[in-house]
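Engineer: Counting with our numbering, you get residues 2 to 520 for the letters of the sequence shown.
We treat Cβ as the ideally placed atom computed from N, Cα and C, and that holds for glycine.
Input: one structure, supplied below.
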Amino acid sequence: MKILKNKIAIGIFASIICLFGTGCEKFLGTTSEDFYTPDEYYETEAQLNTALLGVYDPLGSTDLYSYNISSFWGTEADEGYYARSTGDGPQVYDYTSAHTRIRTPWQKLYQGIHRANLLLASAHKPDMSESSRNVIIGEAQFLRAFYYFILVSNWGDVPLVLDPTKEPTGNNVARTPAREVYDFIFEEMKEAERKVRTIQAIGHSGRVSKSAVQGVLARVCLYMAGYPLMDVDKYHDARYWAAEVMKSSHALNPDYKQIFINYARDEYDIGESIWEVEFWGTGAGTYREAGWVGVRLGIATTNTTLGHSYGIIRTTEKYYRLFETGDLRRDWTIAPYRYNGTSKVNHGATEIYVRDIGKWRREYELDKSTSLSAQNFPLLRYSDVLLMFAEADIMASNAAPSPEAEEAFNQVRRRAFGLPPTTPGSDQDVSGMNHDDFLALIKDERSRELGFEGLRKYDLIRWGDFLKVMSDMEIDISTSNAPVYASRAFQNVQPKHLLFPIPVREMALNRLLTQNPEW
């Protein structure tokens, strides 16, 4: 059973009520058999581990990767569109600072930070081995930094709170400049990397490992090197951290589609999938860790045997045409068929805009419910690391790719065409390209490989391409056979959408907060 699946059973929210950050004051002067104050709680190794589970918990919430980030935050930019004619929100770039899908993720991220702060302030208390204590501290440090990474990459300057507070989002704390937040993230993750265990020692991808920290550090460095910080020295750091992962016995799964079948079937492949958000079950019974990934992002059907899905995101023609002939990823990432009852009906050659996302196919799930899905969601895959290494290599040197960068890129490309990833000399290998052409190829390859995994919008922003790409998409769709509403997001995008607005509720609670430009 996965590490996070006992969170509800052990009653973390009943045991550590102050982790909510609200409603604690009236309990601080009382004791009971069921509730603990923070001073009383962190007394044993078991309690510290329970608190750590509470730090992990926000990742799988509907406010983050169960629903919001995976389905609504940008709808993967130019890769897809919201397949509904009505509705507002970040999926169509039509929202205000009061919108729920802006407000509740902010709160959930600071809830995770608040829980990490409480744990880290009390981690010295239990009588336990220092090695076990350091692992818990390292995971909590990384998760806190990761939550800040999500915050700073979406809101820019944010309050940097590193000590326990009574209210995680309700104090008068000024925004910390994004540069300082990124510097904290970088240093905190480096510290965590020295403490956490290897993925081989852990044996699964649901817990933070040394490889996960190294790979996310590479991602953080690429963000720092690009817009808006433009700290190009960080390309060297990105290359270093990606290379560290590549030394750790990871390997691509030779079958691209199997990666996602594994997510549906609750199976681990620590060679390819380095870190993933875990979901489990159908929402019934003792364990209630089911999510929404397959329900929202699957192939539309009301049939519960196949796995009910709304199919709320569909592909754009631009994305469909990005795949070359023979690229096996296209017809897995983008479903080539629709359901008619329990039968699969292939789409016609010109039927592009009606195609659902195919990565999260519920037919492979072991147990199904109508409204919830047990499919895991990837936070870091090895193919991402290889592509980050290739990008960082040419950007750090400002020159043509090294042989190591070409090989990292070619491993991803070979697998895409059904070839052994580590066998060089295939017809699909690239070599001898100049810097600019190789960078353009990497940009396309990241989209083909990692489509609908929550990365495209942020890649485009850090490259400085987001506004132009979205504007060009409006023109492309207006001259296509797409439904009228397919262009809504692209019509609505403005420069202010490079960042979310600070939630109006938080500005009312925190008098020192200021609003982002144009909001």
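In or out: Ile203 buried (at least 16 other Cβ within 10 Å) or exposed?
Structural biologist: Flag for Ile203 reads buried.
Engineer: Does the separation of the CB atoms of Gly295 and Gly282 fall below 9 Å?
Structural biologist: In this structure, Gly282 does not lie closer than 9 Å to Gly295 by Cβ.
Engineer: Please report the straight-line C-alpha distance between Asp164 and Ala117, rounded to a whole angstrom.
Structural biologist: 9 Å
Engineer: Is it true that the CB of Leu461 sits closer than 9 Å to the CB of Phe453?
Structural biologist: No, these two residues do not count as a Cβ contact at 9 Å.
Engineer: Return yes when the Cβ of Phe261 is within less than 9 Å of the Cβ of Trp361, no when it is not.
Structural biologist: In this structure, Phe261 lies closer than 9 Å to Trp361 by Cβ.
Engineer: Whose C-alpha, out of Asp128, Arg104, Thr97, Asn135, is nearest the C-alpha of Arg506?
Structural biologist: Arg104
Engineer: Determine the direct distance from the alpha carbon of Gly299 to that of Asp332, and round the result to whole angstroms.
Structural biologist: 14 Å
Engineer: Going straight from the alpha carbon of Arg447 to that of Arg457, what length do you get?
Structural biologist: 8 Å
Engineer: Taking only three categories from DSSP, how would you classify Asp158?
Structural biologist: In the structure shown, the three-state DSSP call for Asp158 is coil.
Engineer: Measure the alpha-carbon distance for His205 versus Asp477 and round it to whole angstroms.
Structural biologist: 43 Å
Engineer: Can you tell me which of the three DSSP states Gly216 falls into?
Structural biologist: helix
Engineer: Just the C-alpha distance for Ala393 and Tyr236, rounded to the nearest angstrom, thanks.
Structural biologist: Distance between the alpha carbons of Ala393 and Tyr236: 5 Å.
Engineer: Express the C-alpha separation of Asp385 and Thr343 in angstroms, rounding to a whole number.
Structural biologist: 35 Å
Engineer: Do Glu318 and Ile271 have their C-beta atoms within less than 9 Å of each other?
Structural biologist: no
Engineer: As a quick exercise: from Ser133, Lys497, Leu513, pick the residue whose alpha carbon is nearest that of Glu561.
Structural biologist: For the chain, the structure presents residues 2 to 520; residue 561 sits outside this window and is missing.
Engineer: Rounded to a whole number of angstroms, what is the C-alpha to C-alpha distance between Phe28 and Tyr42?
Structural biologist: In this predicted model, Phe28 has a pLDDT of only 23, less than 50, meaning its place in the structure is not dependable enough to derive any value.
Engineer: Taking Phe1 and Val209 to be in contact with their CB atoms under 8 Å, please state how far apart those CB atoms are, rounded to whole angstroms.
Structural biologist: The requested residue 1 does not occur in the structure, where the chain is confined to residues 2 to 520.
Engineer: Since I believe Pro379 is in contact with Glu277 (beta carbons under 8 Å), could you give me their beta-carbon distance rounded to a whole number of angstroms?
Structural biologist: 5 Å
Engineer: First and last residue of the beta strand (DSSP E) that includes Gly523?
Structural biologist: Residue 523 lies beyond the residue range present for the chain, which begins at 2 and ends at 520; the question has no answer from this structure.
Engineer: So if DSSP puts Gly90 in a beta bridge, which residue, or which two residues, is it bridged to?
Structural biologist: According to DSSP, Gly90 shares a beta bridge with Asp95.
Engineer: Can you give the Cα-Cα distance for Gly292 and Arg266, rounded to whole angstroms?
Structural biologist: 14 Å
Engineer: Whose C-alpha, out of Asn254, Asn135, Tyr241, is nearest the C-alpha of Gly419?
Structural biologist: Asn254
Engineer: Between which residues of its own chain and Met225 is the CB-CB distance below 6 Å, once the five residues before and five after are set aside?
Structural biologist: Tyr183, Asp232, Lys235
Engineer: With the cut-off set at 9 Å, would you say Pro229 and Asn155 are in Cβ contact?
Structural biologist: no
Engineer: Rounded to whole angstroms, what's the CA-CA distance from Met129 to Ser274? Just pull it up for me.
Structural biologist: 31 Å
Engineer: Verify whether the separation of the beta carbon atoms of Ala124 and Ile114 is less than 9 Å.
Structural biologist: no
Engineer: Helix, strand or coil for Leu381, going by three-state DSSP, please let me know.
Structural biologist: strand
Engineer: Does Tyr43 come out as helix, strand or coil in the three-state DSSP assignment?
Structural biologist: coil
Engineer: On a Cα-Cα basis, can you pick out the residue from Glu194, Val346, Tyr111, Gln492 that is closest to Asn172?
Structural biologist: Tyr111
Engineer: What residues in its chain sit with their C-beta under 7 Å from that of Asn69, if we drop five residues either side in the sequence?
Structural biologist: Thr63, Arg102, Pro106
Engineer: For Leu304, which residues from the same chain have a beta carbon less than 8 Å from its beta carbon, with the 5 sequence-adjacent residues on both sides left out?
Structural biologist: A quick correction: the sequence has Asn, not Leu, at residue 304. Closer than 8 Å at Cβ, skipping near neighbours: Tyr340, Gly342, Thr343.
Engineer: On the three-state DSSP scale, how would you describe Arg339?
Structural biologist: strand
Engineer: Out of Pro91, Ser212, Asp238, Met190, state which residue places its alpha-carbon closest to the alpha-carbon of Ile200.
Structural biologist: Ser212
Engineer: Report, in whole angstroms, the separation of the C-beta atoms of Leu65 and Leu120, which I expect to be a contact under 8 Å.
Structural biologist: At roughly 19 Å, the Cβ-Cβ gap does not stay under 8 Å, so Leu65 and Leu120 are not in contact.
Engineer: Closer than 7 Å by C-beta to Leu367: which residues in its own chain qualify, once you throw out the five before and the five after it? Chain order, please.
Structural biologist: Arg266, Asp267
Engineer: Give a yes or no on whether the C-beta atoms belonging to Arg449 and Asp256 are separated by under 9 Å.
Structural biologist: no
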